[in-house]
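Participant: Sending over a structure as structure tokens; questions will come in a sec.
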Amino acid sequence: MKVTTEIISWNETQSESNYSMVTEFIFLGLSNSRELQIFLFVFFFVFYVGIVFGNLLIVLTVSFDSHLHSPMYFLLANLSLIDLSLSSVTAPKMIADFFRKRKVISFKGCLTQIFLLHFFGGSELVILIAMAFDRYVAICKPLHYTTIMCGNVCIGIVSAAWGTGFLHSVSQLAFAVNLPFCGPNEVDSFYCDLPRVIKLACTDTYRLDIMVIANSGVLTVCSFVLLIISYTIILAIILRRPSDRSSKALSTLTAHITVVLLFFGPCIFIYAWPFPIRSLDKFLAVFYSVVTPLLNPVIYTLRNKDMKTAMRRLKK
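Written out as structure tokens, the structure is:
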């Protein structure tokens, strides 16, 4: 009886050691070609420098120019800060890995990437909804705009955005933190994300896949549909009463809709589409983490006269 107990105890210890075997993950990256990796390094390095300077420029311009101390630009500055943070989770590691044969990340580092990606992604989702609400109030209820979008409301919205991002991220991380990883550790991407990492677990992940779709996927799709309906209503109101002021509002709204499409398009395919395509997933992952954070400041600065004027003042 004592021998049997010892054997069971030994087996349990072996099982636990097997499950804790994976201490790092290996990224397969975007390409194995040396020449292509050099090209991609230059390409993404330039993009990331543009992301840093473009988004920081928006944050500094809004902070230091008193003409931009309004709810719309306050939310825009927060969007730029989130874009900069979101891109910084994956881009520096990806750029450095182009010169490494083994693209390795520790288990804890992988979980940190998952946490930060969903933290900033969830926060950006709420900020985009808040920006749509801001435009609705400004266009549909202009006389009550300053009352509705007062300072306390804006601070509350931003706090809710960061809080929502944190709760969403914790709920996502809870799926992965206790998974047993005892064998495969190659991630077919350039960063860790939940849908890819849970496929490497030594257990049936079907239910986890459904939970990811139900959590991130449904949240993303519902938010996207809500935003499209909101912007459609605002567009209908603008087109009903054309004026010089309406044309300016239409230009601002077009920029907002473009950013929403750029953010939600890749998210829907990554988290809600049940039939993933590897090559498309990689392209969308690059677009979501590197291209979109650069396009956002470009769209908002090139289509916004107030922002361009403020940047000239800041330059002087």
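Mapping to the working numbering: the sequence shown position 51 is 51, numbers consecutive. Positions of the beta carbon are idealized from the N, C-alpha and C atoms, including for glycine. This one's a predicted model, so the numbers in the text were calculated from it and none came from an experiment.
#1: Going by CA-CA distance only, name the one from 130, 93, 184 that's closest to residue 112.
#2: Does DSSP put residue 63 in a helix, a strand or coil?
#3: Could you tell me the alpha carbon to alpha carbon distance between residue 182 and residue 106, rounded to whole angstroms?
#4: Hey, out of 266, 38, 237, 202, whose CA is closest to residue 141's CA?
#5: For the beta strand (DSSP E) holding residue 308, just list the boundary residues, first then last.
#6: Return the bridge partner residues of residue 27 from the DSSP annotation.
#7: Let's see if you can read the secondary structure: which residues bound the alpha helix (DSSP H) around residue 158?
#8: Which two residues bound the contiguous alpha helix (DSSP H) that contains residue 238?
#9: Determine the direct distance from the alpha carbon of residue 178 to that of residue 18, and round the result to whole angstroms.
#10: So within the segment 79-126, which uninterrupted beta strand (DSSP E) runs reach at least 3 residues, ignoring any that extend past its ends?
#11: So is the beta-carbon of residue 270 under 7 Å away from any non-hydrogen atom of the ligand PLP?
#12: Just the Cα atoms here: how many angstroms apart are residue 47 and residue 23?
#13: Answer yes or no: do residue 44 and residue 96 have a C-beta to C-beta separation smaller than 8 Å?
#14: Can you check which of these residues, 126, 257, 138, is closest to residue 160 by C-alpha distance?
#15: So, for residue 30: in the same chain, excluding its five sequence neighbours on each side, which residues have a beta-carbon less than 7 Å away from its beta-carbon?
#16: Tell me whether residue 280 is buried or exposed, calling it buried when 16 or more other Cβ atoms sit within 10 Å of its Cβ.
#17: Are at least three pairs of beta-carbons, each pair with one atom in the segment 263-271 and one in the segment 51-65, less than 8 Å apart?
#18: Between the beta-carbon of residue 176 and the beta-carbon of residue 194, is there less than 8 Å?
#19: Taking all protein chains shown into account, do 16 or more other C-beta atoms lie within 10 angstroms of the C-beta of residue 158, making it buried, or fewer, making it exposed?
#20: Reducing DSSP to helix, strand and coil, say where residue 211 ends up.
#21: For the alpha helix (DSSP H) holding residue 197, just list the boundary residues, first then last.
#22: Using three-state DSSP, classify residue 144 as helix, strand or coil.
#23: Hey, would you say residue 250 sits closer than 8 Å to residue 270, going by beta carbons?
#24: If you draw a straight line from the alpha carbon of residue 268 to that of residue 316, how long is it in whole angstroms?
#25: Does DSSP put residue 9 in a helix, in a strand, or in coil?
#26: Give a yes or no on whether the C-beta atoms belonging to residue 154 and residue 74 are separated by under 8 Å.
#27: Taking buried to mean at least 16 other C-beta atoms within 10 Å of its own C-beta, is residue 226 buried or exposed?
#28: Do residue 86 and residue 120 have their beta-carbon atoms positioned less than 8 Å apart in this structure?
Facilitator: Walking through what the data contain:
#1: In the sequence shown, the residue the question calls residue 112 occupies position 112. If we check each option's Cα against that of residue 112, 93 comes out closest.
#2: Here residue 63 refers to the residue found at position 63 when the sequence shown is read from its first residue. Note: residue 63 maps to helix in three-state DSSP.
#3: In the sequence shown, counting from the first residue as 1, residue 182 sits at position 182. In the sequence shown, counting from the first residue as 1, residue 106 sits at position 106. Taking the straight line joining both Cα atoms gives about 14 Å.
#4: Here residue 141 refers to the residue found at position 141 of the sequence shown. Here the closest residue by C-alpha is 237.
#5: Residue 308 sits at position 308 when you count from the first residue of the sequence shown. Segment 305-315 is the alpha helix (DSSP H) holding residue 308; no beta strand (DSSP E) there.
#6: The residue labelled residue 27 in the question sits at position 27 within the sequence shown. Residue 27 is bridged to 103, 187.
#7: Within the sequence shown, numbered from 1, the residue matching residue 158 stands at position 158. Start and end: 151-176.
#8: In the sequence shown, the residue the question calls residue 238 occupies position 238. 218-240 is the extent of the alpha helix (DSSP H) around residue 238.
#9: Here residue 18 refers to the residue found at position 18 when the sequence shown is read from its first residue. Here residue 178 refers to the residue found at position 178 when the sequence shown is read from its first residue. Confidence in residue 18 is poor, its pLDDT being 42 and thus under 50, which makes the residue's placement too unreliable to answer from.
#10: 103-106
#11: No copy of the ligand PLP appears in this structure; indeed no ligand is present at all.
#12: By 1-based counting over the sequence shown, the position of residue 47 is 47. By 1-based counting over the sequence shown, the position of residue 23 is 23. Each residue's Cα considered, the two are about 32 Å apart.
#13: If you number the sequence shown from 1, residue 44 lands on position 44. If you number the sequence shown from 1, residue 96 lands on position 96. No, these two residues do not count as a Cβ contact at 8 Å.
#14: Counting from one through the sequence shown, the residue named residue 160 turns up at place 160. If we check each option's Cα against that of residue 160, 126 comes out closest.
#15: For the purposes of this step, residue 30 is identified with residue 30 of the sequence shown, where counting begins at 1. Cβ within range, chain order: 40, 190, 282.
#16: Here residue 280 refers to the residue found at position 280 when the sequence shown is read from its first residue. Per the 10 Å Cβ criterion, exposed.
#17: no
#18: Walking along the sequence shown from the start, residue 176 turns up at place 176. Walking along the sequence shown from the start, residue 194 turns up at place 194. Going by C-beta atoms, residue 176 is nearer than 8 Å to residue 194.
#19: Locating residue 158 in the sequence shown gives position 158, counting from the first residue. Residue 158 comes out buried.
#20: Reading the sequence shown from its first residue, position 211 is the one you call residue 211. The answer is helix: DSSP assigns residue 211 an H, G or I state.
#21: If you number the sequence shown from 1, residue 197 lands on position 197. Residues 194-197.
#22: If you number the sequence shown from 1, residue 144 lands on position 144. Residue 144 falls in the helix class under three-state DSSP.
#23: Numbered from 1 along the sequence shown, position 250 holds the residue referred to as residue 250. Numbered from 1 along the sequence shown, position 270 holds the residue referred to as residue 270. The answer is no: Cβ separation not under 8 Å.
#24: As a working mapping, residue 268 is identified with position 268 in the sequence shown. As a working mapping, residue 316 is identified with position 316 in the sequence shown. Whole-angstrom Cα-Cα distance: 42 Å.
#25: Here residue 9 is taken as the residue at index 9 of the sequence shown, counted from 1. Note that residue 9 scores a pLDDT of 40, beneath 50, so its modelled location is shaky and nothing firm can be said.
#26: Locating residue 154 in the sequence shown gives position 154, counting from the first residue. Locating residue 74 in the sequence shown gives position 74, counting from the first residue. Contact flag set, yes.
#27: Start at 1 with the first residue of the sequence shown, and residue 226 comes out as number 226. When all chains shown are included, residue 226 counts as exposed.
#28: As a position in the sequence shown, residue 120 is number 120, starting the count at 1. As a position in the sequence shown, residue 86 is number 86, starting the count at 1. Cβ atoms of residue 120 and residue 86: closer than 8 Å.
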